[in-house]
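These notes are about the structure you will find just below.
Protein chains: 2
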Amino acid sequence: MRLQDEAAALKGQNNVDDAETMLRTHNCKATAPRIAVLRALLRHGGALDIASLTKLAQSEVPEIHEATVYRTIGTLSDRGMVTHVHAGHGPSLVRLGGDHGLIALCRTCNRVTELPTATVERFILEAQEAIGFTLEPGHFALEGVCANCA
Amino acid sequence: MRLQDEAAALKGQNNVDDAETMLRTHNCKATAPRIAVLRALLRHGGALDIASLTKLAQSEVPEIHEATVYRTIGTLSDRGMVTHVHAGHGPSLVRLGGDHGLIALCRTCNRVTELPTATVERFILEAQEAIGFTLEPGHFALEGVCANCA
DNA sequence: ATATGTGCAAACGATTTGCAACCCT
DNA sequence: AGGGTTGCAAATCGTTTGCACATAT
Chain A
24 MRLQDEAAAL KGQNNVDDAE TMLRTHNCKA TAPRIAVLRA LLRHGGALDI
74 ASLTKLAQSE VPEIHEATVY RTIGTLSDRG MVTHVHAGHG PSLVRLGGDH
124 GLIALCRTCN RVTELPTATV ERFILEAQEA IGFTLEPGHF ALEGVCANCA
Chain B
24 MRLQDEAAAL KGQNNVDDAE TMLRTHNCKA TAPRIAVLRA LLRHGGALDI
74 ASLTKLAQSE VPEIHEATVY RTIGTLSDRG MVTHVHAGHG PSLVRLGGDH
124 GLIALCRTCN RVTELPTATV ERFILEAQEA IGFTLEPGHF ALEGVCANCA
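These protein sequences, in sequence, are chains A and B.
173 is the number that the working numbering gives the last residue of the first sequence; the numbers go up by one with no jumps.
173 is the number that the working numbering gives the last residue of the second sequence; the numbers go up by one with no jumps.
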């Protein structure tokens, strides 16, 4: 099962052990801070910066430190459970799941949109053919204005 | 005349006043630090981070401070003479000229490549049609592996 | 029991800002 | 003369790290 699906499957349930299970499956020690961080990501669903993620996690485990969240994201990232996206100025964003496609950041509402795989792949192919450059857009966002804000 | 051309035209000559002229044309006070920064950009041609740019400029005006270079880039940017590009982790890059197309950063050699306008425009159009998102990629780079490093 | 994870504070790199002195125009 | 510009030092923001203590297995 892909991690996105795994996450999606767990997201509906209210079982407190979801995150814990997920951690163990991926050979991570199931500590309270990690569980809280992962649960925050599961609950929220979208992309989050570390500061917001920390606040969310702290609603379950108040003494979690931001540094711990950074380290947690680091290990979750190593295990392929989350991905980070560079977003220009601001802090980078974190989301559940392994490598995904190309992300676009709305300059107005700051929301994250995933660009359609087909479109992105055609683009990558064209860039490859045109100048031999192999785009690997996994961790870099683009900027623009989303449908809602236009 | 477009700024890129303007820059290109000046770049060949060795006239010390090139940068000075360019500054005056754009209603900037022609101070020594500004001239040095602009000349460094003209000489180098490509995209530069502030630290490198400062070092280059200091070869002409040794006492220039990095903070000054940041401020100079700010004003040049306001006047449309330079553009900055966010490049993931590292510092952002600065290059001559107004808004350009989409830039790709080689993960291996760290060099900057401009993606072909036609390709990028088709991509933007497709994203627009597919999900209504209007991409404005001016200031965000993508990542990948360039033809040389592949 | 041991390796691993944690909180905290301090270091870090990139960028910005307050301020007094300075220099273009 | 006058206001924008500079250098410097200090503040800021996001992120990383060293260390003594706590915890999961």
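Using N, Cα and C, we set each Cβ at its ideal position, and we do this for glycine too.
The structure presented is a predicted model; accordingly, all values stated were derived computationally and were not measured.
Taking 9 angstroms as the CB-CB limit, is residue i close to chain B?
i, result
"Cys169 (chain A)", "yes"
"Pro56 (chain A)", "no"
"Leu76 (chain A)", "no"
"Leu116 (chain A)", "no"
"His109 (chain A)", "yes"
"Thr98 (chain A)", "no"
"Ala141 (chain A)", "yes"
"Glu86 (chain A)", "no"
"Ala42 (chain A)", "no"
"Asn38 (chain A)", "The predicted position of Asn38 (chain A) is uncertain, since its pLDDT is 45 and thus under 50; a value taken from the coordinates is nonetheless stated next. Asn38 (chain A) does not count as touching chain B."
"Ala150 (chain A)", "yes"
"Thr157 (chain A)", "yes"
"Ala127 (chain A)", "yes"
"Arg145 (chain A)", "yes"
"His112 (chain A)", "yes"
"Leu79 (chain A)", "no"
"Leu138 (chain A)", "yes"
Compute the distance between the beta-carbons of residue i and residue j, then report whether it is under 9 angstroms.
i, j, result
"Gly121 (chain A)", "Gly103 (chain A)", "yes"
"His88 (chain B)", "Leu79 (chain B)", "no"
"Ile126 (chain A)", "Val108 (chain A)", "yes"
"Ala170 (chain A)", "Pro139 (chain B)", "no"
"Ala70 (chain B)", "Val135 (chain B)", "yes"
"Leu116 (chain A)", "Asp72 (chain A)", "yes"
Buried or exposed: which applies to residue i, given that a residue is buried once 16 or more other Cβ atoms fall within 10 Å of its Cβ?
i, result
"Ala173 (chain B)", "exposed"
"Asp41 (chain A)", "buried"
"Ala164 (chain B)", "buried"
"Ser47 (chain A)", "The displayed chain sequence assigns Arg, not Ser, to residue 47 (chain A). So Arg47 (chain A) ends up on the exposed side."
"Ala90 (chain B)", "exposed"
"Cys51 (chain B)", "buried"
"Thr77 (chain B)", "buried"
"Thr131 (chain A)", "exposed"
"Leu148 (chain A)", "exposed"
"Asn37 (chain B)", "In this prediction, Asn37 (chain B) scores a pLDDT of 47, lower than 50, which makes its location untrustworthy; the coordinate-derived value is nonetheless stated afterwards. Per the 10 Å Cβ criterion, exposed."
"Ala110 (chain B)", "buried"
"Ala150 (chain A)", "buried"
"Ala74 (chain A)", "exposed"
List the residues that DSSP assigns as beta-bridge partners of residue i.
i, result
"Arg118 (chain B)", "B:Thr106"
"Ile73 (chain B)", "Ile73 (chain B) is not bridged to any residue."
"Ala164 (chain B)", "B:Ile126"
"Glu137 (chain B)", "B:Ile126"
"Leu64 (chain B)", "Note: Leu64 (chain B) sits in no beta bridge, so no partner."
"Leu158 (chain A)", "B:Gly167"
Determine, for residue i, whether the minimum Cβ-Cβ distance to residues of chain A falls below 9 angstroms.
i, result
"Ile154 (chain B)", "yes"
"His162 (chain B)", "yes"
"Arg130 (chain B)", "yes"
"Ala173 (chain B)", "yes"
"His67 (chain B)", "no"
"Thr106 (chain B)", "no"
"Glu166 (chain B)", "yes"
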